[in-house]
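Trainee: Encoded as structure tokens, here's the structure I'll be asking about.
In my numbering, the protein residues as written are 1 to 372.
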């Protein structure tokens, strides 16, 4: 299950997600919407085994531990789960974290916290429109750990305007000292409807070039692996096999339901999205309808190709025998595409196991486009 909690203290310069100002009346409205939507989804939830619950946003840590505990109790009444064997993740930003706040969320049921650090370079944090600094980010991670959360993930970003290899190296050197179990790595993309998009022409002159970008990625992979954060997916690293169960679900085609305005779902061969507007979201639910504004049924081969491309993101690769048992025999056309990718050294085939090569990891977008 994914819950979109759109509240933010401030919208970042690169953010293209649906967000709202942090106001109490809006939180009460959203809570009403969550409960109505879950009630409508009850039949789909019955008999299912819940693997993960993810509170994303926005800044879900602004929602409050009490309403989140109520929400978890509602979920439990529909689909009982073992709290010890389920991953319950809360996204948080450094400026909102206190030890007391995290203790309250832990008492509510949260057992994993994902912190939006992005960089430990104060100048770059200002460029990104963030309202924390490097010291606050490090303090937030330590406070989260002191509050009893042992499973902590952070986000780091490269390809930021003005970012240099030296700046990136300085950030990476701080990671081994932090009590984290997981790291997600993102390269900045300039999306429509963002501050960065408005100024993209001038910003593009400050972006690291392709060679520097590739070097930043290699630096991160080498240094994370060296400190025990082992790469298990193109952009994800973990200690002690504490992979993100939620994201592994995305990469392996596990069905998921998104709850809240703008949330996506993937369910029974369909992909659909809730309307990205709180008023319209609530109005639809009050009328007894799911608040969906986009819905597509995935054609079998299109669906198969998409699943294969996404599954290849995992470094363990794809067992083609298991994959075809689950999703059908590969078409002759797709087999030919895979042969060409292997010939061009983007993928490696070892028996039935298909994996990305080092080159394929760096140029994953090329691989995905060819397959899909």
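Ideal Cβ positions, reconstructed from N, Cα and C, are used throughout, including at glycine.
Every value quoted in this text rests on a predicted model; they were computed, and no experiment measured them.
For residue 173, count neighbouring C-beta atoms within 10 Å of its own C-beta (all shown protein chains included) and say buried if the count is 16 or more, exposed if not.
Mentor: That one is exposed.
Trainee: Going by DSSP, which residues form a beta bridge with residue 36?
Mentor: DSSP output for residue 36 lists no bridge partner at all.
Trainee: Around the C-beta of residue 267, are 16 or more other C-beta atoms found within 10 angstroms, so that it is buried, or is it exposed?
Mentor: That one is exposed.
Trainee: In the structure shown, what three-state DSSP assignment does residue 118 receive?
Mentor: In this structure, residue 118 counts as strand in the three-state DSSP scheme.
Trainee: Can the beta-carbon of residue 41 be found closer than 9 Å to that of residue 5?
Mentor: No, the Cβ-Cβ distance between residue 41 and residue 5 is not below 9 Å.
Trainee: Contact defined as beta carbons within less than 8 Å: I believe residue 249 pairs with residue 51. What is the distance between those atoms, to the nearest angstrom?
Mentor: Confirmed, Cβ separation roughly 6 Å.
Trainee: Return the bridge partner residues of residue 267 from the DSSP annotation.
Mentor: Note: residue 267 sits in a beta bridge opposite 270.
Trainee: Determine, using beta carbons only, whether residue 17 comes closer than 9 Å to chain D.
Mentor: In the structure shown, chain D cannot be found, because there is only a single protein chain.
Trainee: Who are the Cβ neighbours of residue 368 in its own chain at under 6 Å, not counting the five residues just before and after it?
Mentor: Counting only Cβ-Cβ distances below 6 Å, and skipping sequence neighbours, we find 309.
Trainee: Should the segment 82 to 98 be called in touch with the segment 138 to 156, which here means at least 3 C-beta pairs below 8 Å?
Mentor: Yes, since at least three Cβ pairs between the segment 82 to 98 and the segment 138 to 156 fall closer than 8 Å, the two stretches touch.
Trainee: Give the C-beta separation of residue 156 and residue 100 to the nearest angstrom, bearing in mind that I take them to be a contact with Cβ-Cβ under 8 Å.
Mentor: Not confirmed; about 27 Å, so no contact.
Trainee: Round the Cβ separation of residue 38 and residue 75 to the nearest angstrom and send it over; I've been treating them as touching at under 8 Å.
Mentor: That belief holds up - the Cβ atoms of residue 38 and residue 75 are roughly 7 Å apart, short of 8 Å.
Trainee: Over what stretch of residues does the alpha helix (DSSP H) that includes residue 66 continue unbroken?
Mentor: Run containing residue 66: 65 to 78, per the alpha helix (DSSP H) assignment.
Trainee: Bridge partners for residue 292 per DSSP, in chain order?
Mentor: Paired residue(s): 274.
Trainee: With a threshold of 7 Å on Cβ separation, who are the neighbours of residue 328 within its own chain once the five nearest residues in sequence on each side are excluded?
Mentor: The residues are 300, 304.
Trainee: Suppose the cutoff is 7 Å on Cβ atoms and the five residues either side in sequence are ignored; what does the same chain contact list for residue 208 look like?
Mentor: Within the same chain, residue 208 has close Cβ partners 159, 163, 216.
Trainee: What does DSSP give as the partner residues of residue 3 in its beta bridges?
Mentor: According to DSSP, which records beta bridges pairwise, residue 3 is partnered with 55, 259.
Trainee: Here's the rule I'm using: 16 or more other beta-carbon atoms within 10 Å means buried, otherwise exposed. How should residue 260 be labelled?
Mentor: Flag for residue 260 reads buried.
Trainee: Specify whether the segment 5 to 23 and the segment 127 to 134 touch according to this definition: at least 3 beta carbon pairs, one from each stretch, less than 8 Å apart.
Mentor: Touching, yes, given that three or more Cβ pairs across the two stretches are closer than 8 Å.
Trainee: Per DSSP, residue 237 is paired with what?
Mentor: DSSP output for residue 237 lists 183, 231 as bridge partner(s).
Trainee: Have a look at residue 243 and residue 193 and give me their C-alpha separation to the nearest angstrom.
Mentor: Near 32 Å, if we compare the C-alpha coordinates of residue 193 and residue 243.
Trainee: Out of 372, 276, 362, point me to the one whose CA is closest to residue 334's CA.
Mentor: Ranking the options by Cα distance to residue 334, first place goes to 372.
Trainee: Going along the chain, which residues of its own chain have a beta-carbon closer than 7 Å to the beta-carbon of residue 146, five neighbours each way excluded?
Mentor: If we look at residue 146 and ignore the five residues flanking it on each side, its Cβ neighbours are 99.
Trainee: Do residue 107 and residue 65 have their C-beta atoms within less than 9 Å of each other?
Mentor: Against a cut-off of 9 Å, the Cβ pair of residue 65 and residue 107 comes out as a contact.
Trainee: Could you tell me if residue 166 is buried or exposed, where buried requires 16 or more neighbouring beta carbons within 10 angstroms of its beta carbon?
Mentor: Looking at its Cβ environment, which holds fewer than 16 other Cβ atoms inside 10 Å, residue 166 is exposed.
Trainee: May I ask you to report which of helix, strand or coil DSSP gives residue 96?
Mentor: Looking at residue 96 - three-state DSSP - the assignment turns out to be helix.
Trainee: Out of curiosity, what's the CA-to-CA distance linking residue 176 and residue 355?
Mentor: Roughly 28 Å between the two C-alpha positions.
Trainee: Compute the beta-carbon to beta-carbon distance between residue 315 and residue 231, rounded to the nearest angstrom, for a pair I have assumed lies under 8 Å.
Mentor: Residue 315 to residue 231, Cβ: 6 Å. Contact.
Trainee: Inspect the beta-carbon positions of residue 2 and residue 246 and report whether they are closer than 9 Å.
Mentor: Contact: yes.
Trainee: Residues bridged to residue 155 by DSSP?
Mentor: According to DSSP, residue 155 bridges with 184.
Trainee: How far does the beta strand (DSSP E) with residue 355 in it reach, from first residue to last?
Mentor: 353 to 356 is the span of the beta strand (DSSP E), which, as asked, contains residue 355.
Trainee: Is the distance from the Cβ of residue 228 to the Cβ of residue 311 below 9 Å?
Mentor: Not in contact: residue 228 and residue 311 (Cβ atoms no closer than 9 Å).
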